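Worksheet: one structure, shown below.
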Amino acid sequence: MSKGRFGIHGGQYIPETLMNAVNDLEKEYEFYKNDEQFNKELTALYNEYAGRPSLLYYAEKMTKDLGGAKIYLKREDLNHTGSHKINNALGQALLAKKMGKTRLIAETGAGQHGVATATVAALLGMECEIFMGKTDTERQALNVYRMELLGAKVHPVTSGTQTLKDAVNETFREWVSRIDDTHYVIGSVMGPHPFPTMVRDFQAIISREIKAQIMEKEGRLPDAVLACVGGGSNAIGAFYHFIEDKSVRLIGCEAAGLGVDRPENAATMANGRVGIFHGMKSYFCQNEFGQIAPVYSISAGLDYPGIGPEHSALKDEGRAEYVAITDEEAVNAFEYLSRTEGIIPAIESSHAIAHALKLAPTMDKDQIMVINISGRGDKDVAAIARYRGVDIHD
Amino acid sequence: MTKIKEAFENKKAFIAYLSAGDPDLETTEKLIIEMEKNGVDLIEIGIPFSDPVAEGPVIQEADLRALKAGTTTEKIFDMVARVRTKVNIPLVFLTYCNSVFGYGTEKFMAKCEEIGIDGLIVPDVPYEEREELAPFCEKHNIDLIALVAPTSEDRVYKIAKASRGFLYIVSSLGVTGVREKIETDISGIIKAAKSVSDIPCAIGFGISTPEQARELCKTSDGIIIGSAIVRIIGQYGKDCVKPVTEYVRSIAESVHGI
Numbered sequence: 001m002s003k004g005r006f007g008i009h010g011g012q013y014i015p016e017t018l019m020n021a022v023n024d025l026e027k028e029y030e031f032y033k034n035d036e037q038f039n040k041e042l043t044a045l046y047n048e049y050a051g052r053p054s055l056l057y058y059a060e061k062m063t064k065d066l067g068g069a070k071i072y073l074k075r076e077d078l079n080h081t082g083s084h085k086i087n088n089a090l091g092q093a094l095l096a097k098k099m100g101k102t103r104l105i106a107e108t109g110a111g112q113h114g115v116a117t118a119t120v121a122a123l124l125g126m127e128c129e130i131f132m133g134k135t136d137t138e139r140q141a142l143n144v145y146r147m148e149l150l151g152a153k154v155h156p157v158t159s160g161t162q163t164l165k166d167a168v169n170e171t172f173r174e175w176v177s178r179i180d181d182t183h184y185v186i187g188s189v190m191g192p193h194p195f196p197t198m199v200r201d202f203q204a205i206i207s208r209e210i211k212a213q214i215m216e217k218e219g220r221l222p223d224a225v226l227a228c229v230g231g232g233s234n235a236i237g238a239f240y241h242f243i244e245d246k247s248v249r250l251i252g253c254e255a256a257g258l259g260v261d262r263p264e265n266a267a268t269m270a271n272g273r274v275g276i277f278h279g280m281k282s283y284f285c286q287n288e289f290g291q292i293a294p295v296y297s298i299s300a301g302l303d304y305p306g307i308g309p310e311h312s313a314l315k316d317e318g319r320a321e322y323v324a325i326t327d328e329e330a331v332n333a334f335e336y337l338s339r340t341e342g343i344i345p346a347i348e349s350s351h352a353i354a355h356a357l358k359l360a361p362t363m364d365k366d367q368i369m370v371i372n373i374s375g376r377g378d379k380d381v382a383a384i385a386r387y388r389g390v391d392i393h394d
Numbered sequence: 395m396t397k398i399k400e401a402f403e404n405k406k407a408f409i410a411y412l413s414a415g416d417p418d419l420e421t422t423e424k425l426i427i428e429m430e431k432n433g434v435d436l437i438e439i440g441i442p443f444s445d446p447v448a449e450g451p452v453i454q455e456a457d458l459r460a461l462k463a464g465t466t467t468e469k470i471f472d473m474v475a476r477v478r479t480k481v482n483i484p485l486v487f488l489t490y491c492n493s494v495f496g497y498g499t500e501k502f503m504a505k506c507e508e509i510g511i512d513g514l515i516v517p518d519v520p521y522e523e524r525e526e527l528a529p530f531c532e533k534h535n536i537d538l539i540a541l542v543a544p545t546s547e548d549r550v551y552k553i554a555k556a557s558r559g560f561l562y563i564v565s566s567l568g569v570t571g572v573r574e575k576i577e578t579d580i581s582g583i584i585k586a587a588k589s590v591s592d593i594p595c596a597i598g599f600g601i602s603t604p605e606q607a608r609e610l611c612k613t614s615d616g617i618i619i620g621s622a623i624v625r626i627i628g629q630y631g632k633d634c635v636k637p638v639t640e641y642v643r644s645i646a647e648s649v650h651g652i
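Take a look at the structure:
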């Protein structure tokens with residue numbers, strides 16, 4: 001079995017042109033991840049620039065309203081740039097800089113990863129180009145302008161379904177064309193080894209903090225940790241340090257779009273089967289001939305036909321559970337958290353909140369649930385208004 | 395000696411690519427027959443994939459047209475079974491890993507053997523992941539053709555040793571597509587490959603003119619043309635057989651004239 005495996009999943013299924021680049025990346029990452037100076041610099045960026053550690057907030061009103069488990073929210077939405085994506089972007093960009101790269105490229109779905117990458121590129125004085133499905137540039141127009149404001153060039157991708165998967169295709173094509181000075185900052189725990197491991201390590205700070213914070217507040221581990229999953233980076237970050245604690249239920253909430261039984265969904269775990277795509281073996285939505293399915297979700301960040309290989313292994317082992325949440329449920333949860341706690345969550349994160357609305361009432365009052373609020377919802381306000389039939393003029 | 399290696403015996407080989415089912419499978423079948431008649435030595439039949447990450451816009455669009463026209467792996471197998479009785483040159487499939495894996499790797503290779511496919515090129519399966527396909531290919535006598543790239547450096551040796559049929563030399567960085575100039579040190583790559591293996595070396599990516607073909611044949615065992623052919627098919631649709639025939643004849647004359 002080749003490198004970077006999680007059970008049968010993972011690997012390095014990429015064109016030969018990129019092999020030396022990913023091998024170099026692996027070598028450099030293996031060195032720098034244990035390098036004191038690198039870690040010192042990264043921690044300084046996390047704490048002084050990104051605003052870490054992020055809060056673990058006791059959602060008292062929500063807890064009382066639902067009448068079950070005690071609910072804590074991990075506030076990744078309070079990070080600089082508004083989501084967990086900054087954790088990974090800072091890590092990879094710093095590594096790329098150490099490797100002598102001067103140019104960063106990245107795909108983005110909702111735009112959060114693109115914004116995070118553009119931000120870090122501005123900070124570290126690197127060139128930045130972002131690839132984003134044309135459909136996504138339209139539903140997340142504000143983030144496009146935000147990236148441009150930060151000095152990045154945004155390429156609308158017009159191939160295929162014009163969403164996240166096509167943005168990934170196009171960024172790979174760009175990387176194959178220009179490797180010497182360019183690092184591909186993959187935004188999730190996906191792609192060829194070492195990306196799924198490296199991105200997970202950079203995001204694992206989420207569960208490291210949750211663990212310390214909950215021990216301080218409650219003196220014990222939570223009973224369940226919930227996070228939304230597209231590629232799965234905020235979820236793996238929130239799960240990672242709890243994987244060894246078998247008493248903690250790990251629940252990933254994927255996008256069911258208009259319904260898992262309808263063609264318009266992105267529920268990889270519910271509907272996908274094992275495949276090989278975007279550099280990795282993992283679960284993918286696909287047809288009988290292995291053609292990748294055009295997926296759909298109201299959430300541009302979860303609108304992806306695959307999932308990171310470590311999640312696929314966690315599913316196979318039965319260590320994590322995956323549930324599918326519809327657009328309607330997510331929008332309701334978006335509005336619920338806004339009204340109940342005064343926190344407007346990203347539509348992606350709202351998928352995890354939607355499941356919490358179902359699960360918390362079934363749990364005992366002395367049980368604890370943590371929901372990872374992976375991002376803030378400012379970017380989604382216009383889309384939610386449209387969903388509700390409200391015409392907003394900017 | 396495999397049928398593919400025979401294509402390189404005593405001559406330079408002209409390898410042509412087309413995306414199966416673009417514009418439809420009847421046209422693909424006609425093109426394969428005419429290509430053989432007009433001097434093509436080996437044909438790469440692309441099984442269109444929804445997300446061909448190593449392809450430039452020309453082949454991406456061809457794959458999309460083929461899929462929209464209802465082309466499936468099963469229908470391509472049927473077409474190849476028919477055309478195999480009419481042509482003798484080696485036929486290989488070019489596709490992406492999930493087309494094989496998603497169909498069922500064992501089932502896919504058994505079917506290839508049954509219908510007379512000689513080889514397989516899978517751009518997203520590098521040396522490290524060869525075992526995903528190689529045991530099944532060997533079992534069913536399918537040559538698993540490996541690719542080397544301008545960035546391969548020392549990897550050329552192990553890849554050349556592992557490759558079967560021929561070695562696909564990617565001429566340039568980036569995706570498939572027509573290029574004015576090829577700047578990679580191809581003769582260096584071929585020298586490295588030949589130092590460890592007697593495998594034929596064919597150059598692909600970016601070639602479109604008879605002059606380029608002739609020039610590159612001086613340093614290699616053959617050349618591969620894809621996007622330039624697919625562009626003509628895209629331009630003429632069902633009426634593409636004649637212009638494609640004329641084009642491949644001009645290339646074949648140039649390649650075989652050496």
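These protein sequences, in sequence, are chains A and B.
Under this note's numbering, the first sequence has 97 at position 97, and the numbering climbs by one with no breaks.
This note's numbering runs 394 ahead of the 1-based position in the second sequence.
Here a beta-carbon is modelled for each residue, glycine too, at the ideal position from N, C-alpha and C.
Please read these numbers as outputs of a predicted model, since none were measured by experiment.
Checklist entry - So which residues of chain A does B:C506 contact, with C-beta pairs closer than 7 Å? => result Within 7 Å of the CB of B:C506, no CB atom of chain A is found; the nearest one sits about 15 Å away.
Item to check | For A:R75 and B:E525, the rounded distance between their alpha carbons | outcome: When rounded, the distance between both Cα atoms is 44 Å.
Next on the checklist: My output table needs one value for B:G440: the three-state DSSP class, helix, strand or coil.
Outcome noted: B:G440: strand per DSSP, three-state reduction.
Checklist entry - Just the Cα atoms here: how many angstroms apart are B:S493 and A:D201? => result 32 Å
Item to check | Near-chain B residues of the stretch 150 to 167 of chain A (beta-carbon distance less than 8 Å), N- to C-terminal order | outcome: S159, G160, K165, D166
Next on the checklist: Can you list, in chain order, the residues of its chain with a C-beta nearer than 7 Å to that of B:A460? Leave out the 5 residues immediately preceding and following it.
Outcome noted: S413, A414, G415, D416, P442
Next on the checklist: By the three-class DSSP mapping on this structure, what secondary structure does A:K246 have?
Outcome noted: coil
Checklist entry - Beta-carbon separation of B:G391 and B:G628 under 8 Å? => result Beyond the ends of chain B as shown, which are 395 and 652, falls residue 391 of chain B; an answer cannot be given.
Checklist entry - Counting only beta-carbon atoms, is A:K265 nearer than 8 Å to chain B? => result First, the amino acid is wrong: residue 265 of chain A is Asn here, not Lys. Judged by the 8 Å Cβ criterion, A:N265 is not in contact with chain B.
Checklist entry - Going along the chain, which residues of its own chain have a beta-carbon closer than 6 Å to the beta-carbon of A:A235, five neighbours each way excluded? => result Once the five neighbours on either side are set aside, the close Cβ partners of A:A235 are A227, V229, G252.
Checklist entry - Terminal residues of the continuous alpha helix (DSSP H) containing A:S349? => result 347 to 359
Checklist entry - Does the distance from the CB of A:D224 to the CB of A:M369 come in under 8 Å? => result The amino acid occupying residue 224 of chain A in the given sequence is Ala; Asp does not appear at that position. In this structure, A:M369 lies closer than 8 Å to A:A224 by Cβ.
Next on the checklist: Quick check on the burial criterion: 16 or more other C-beta atoms within 10 angstroms. Buried or exposed for A:F31?
Outcome noted: Taking all protein chains in view, the Cβ of A:F31 is surrounded by fewer than 16 other Cβ atoms within 10 Å, so the residue is classified as exposed.
Next on the checklist: Using CA atoms only, rank isn't needed, just tell me which of B:P446, B:E523, B:T545 is closest to B:S557.
Outcome noted: B:E523
Item to check | The alpha helix (DSSP H) enclosing B:Y641, as first and last residue numbers | outcome: The continuous alpha helix (DSSP H) containing B:Y641 extends over residues 635 to 650.
Checklist entry - Going along the stretch 472 to 503 of chain B in order, which residues come within less than 7 Å of chain A, judged by CB to CB distance? => result Per Cβ criterion, the list reads C491, N492, S493, F495, G496, Y497.
Checklist entry - Can the beta-carbon of A:K127 be found closer than 8 Å to that of A:L104? => result Reading the sequence as shown, one finds Glu at residue 127 of chain A and not Lys. Yes; because the gap between Cβ atoms is below 8 Å, this pair is in contact.
Next on the checklist: For B:G568, would you say it is in contact with chain A, using Cβ-to-Cβ distances shorter than 8 Å as the test?
Outcome noted: yes
Checklist entry - Taking Cβ positions, are B:V590 and B:Y551 nearer each other than 8 Å? => result yes
Checklist entry - From A:Q37 to A:G272, what does the alpha carbon distance come to, in whole angstroms? => result Rounded to whole angstroms, the separation of the alpha carbons of A:G272 and A:Q37 is 42 Å.
Checklist entry - If contact means a Cβ-Cβ distance below 7 Å, which residues of the stretch 276 to 301 of chain A contact chain B? => result I276, F277, Q286, F289, G290, Q291, I292
Checklist entry - Just the Cα atoms here: how many angstroms apart are B:A607 and B:S648? => result Cα to Cα, the separation comes out at about 7 Å.
Checklist entry - Does the Cβ of A:K165 have 16 or more other Cβ atoms within 10 Å, making it buried, or fewer, making it exposed? => result buried
Checklist entry - Name the chain B residues that come within less than 7 Å of A:N169, Cβ to Cβ? => result D445, V447
Item to check | DSSP-derived helix/strand/coil call for B:D537 | outcome: strand
Next on the checklist: Does the stretch 326 to 340 of chain A come into contact with the stretch 201 to 213 of chain A, if we say contact requires no fewer than three beta-carbon pairs (one atom in each stretch) closer than 8 Å?
Outcome noted: no
Checklist entry - Is it a yes or a no for the stretch 54 to 61 of chain A touching the stretch 175 to 195 of chain A, going by three-plus beta-carbon pairs under 8 Å? => result No, they do not touch.
Item to check | Beta carbon of A:K101 nearer than 8 Å to that of A:T182 | outcome: Their beta carbons are under 8 Å apart, which means A:K101 touches A:T182 by this criterion.
Checklist entry - For a contact meaning CB atoms closer than 9 Å, what does B:Q629 contact in chain A? => result In chain order: nothing, as chain A lies at least about 19 Å away.
Checklist entry - Does DSSP classify B:S413 as helix, strand or coil? => result strand
Next on the checklist: I need the straight-line Cα distance from A:A69 to A:I353, nearest angstrom please.
Outcome noted: 13 Å
Checklist entry - Quick one: Cα of A:H351 to Cα of A:Q367, how far? => result 21 Å
Next on the checklist: Could you compute how far the alpha carbon of B:H650 sits from the alpha carbon of B:Q454?
Outcome noted: 30 Å
Checklist entry - Considering only residues of the same chain and omitting the five flanking positions on each side of B:S644, which have a CB-CB separation below 6 Å? => result Excluding positions up to five away in sequence, the list reads P604.
Checklist entry - Closest by CA to B:I584, which one among B:R573, B:D548, B:S602? => result B:D548
Checklist entry - Can you tell me whether DSSP reads A:T43 as helix, strand or coil? => result helix
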